[in-house]
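*Asks:*
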Amino acid sequence: VQLQASGGGLVQAGGSLRLSCAASGSIFSFDVMGWYRQAPGKQRELVADITSGGTTNYADSVKGRFTISRDNAKNTVDLQMNSLKPEDTAVYYCNLLRRRWGTSKYWGQGTQVTVSS
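Using my numbering, the final residue of the sequence shown is 120, and nothing's skipped along the way.
(1) If Ser32 and Ser64 are in contact, beta carbons under 8 angstroms, what's the gap, nearest whole angstrom?
(2) Am I right that Tyr95 and Val116 are in contact with their C-beta atoms under 8 angstroms? What's the rounded C-beta distance?
(3) With distances taken from CA atoms, which of Leu87, Glu48, Asn98 and Gly105 is nearest Ser120?
(4) Considering just the uninterrupted stretch of the beta strand (DSSP E) at Leu100, what are its terminal residues?
(5) Please report the distance separating the alpha-carbon of Arg73 from that of Thr59.
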């Protein structure tokens, strides 16, 4: 599995950005796709994830502001980020979690999101 992320950049507080991630390789319906982020000096944390059936899960800090979506036919997962805050500044990583035949995690290359105040 390979994950290619795009999007990100610099935006003012209150603005919006959209991140996209394309997965290649063998992607299964039981795979969960999502986005994590890591700010300087902090641990990587889950932002949001989504199952192939559309069940979503969000970190409390982004609920109501971020929306995750998935296109199973294209093997893509997007993260629409609205009302961005300076504390959203981080490197964002696309992720695929596979809980079959053991547990496997796959990561994209990371994309920087910077929110200025």
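Even for Gly, the Cβ is constructed at its ideal location relative to N, Cα and C.
*Replies:* The answer reads as follows:
(1) Residue numbering aside, residue 32 sits at position 29 when the sequence shown is read from its first letter. Residue numbering aside, residue 64 sits at position 61 when the sequence shown is read from its first letter. The Cβ separation is near 29 angstroms, so there is no contact.
(2) For the purposes of this step, residue 95 is identified with residue 92 of the sequence shown, where counting begins at 1. For the purposes of this step, residue 116 is identified with residue 113 of the sequence shown, where counting begins at 1. Indeed they touch by this definition, with Cβ atoms about 5 angstroms apart.
(3) What you label residue 120 is simply residue 117 of the sequence shown in a count that begins at 1. If we check each option's Cα against that of Ser120, Leu87 comes out closest.
(4) Counting from 1 along the sequence shown, the entry for residue 100 is found at position 97. Segment Ala93 to Arg102, the beta strand (DSSP E) holding Leu100.
(5) By 1-based counting over the sequence shown, the position of residue 73 is 70. By 1-based counting over the sequence shown, the position of residue 59 is 56. C-alpha separation (whole angstroms): 10 angstroms.
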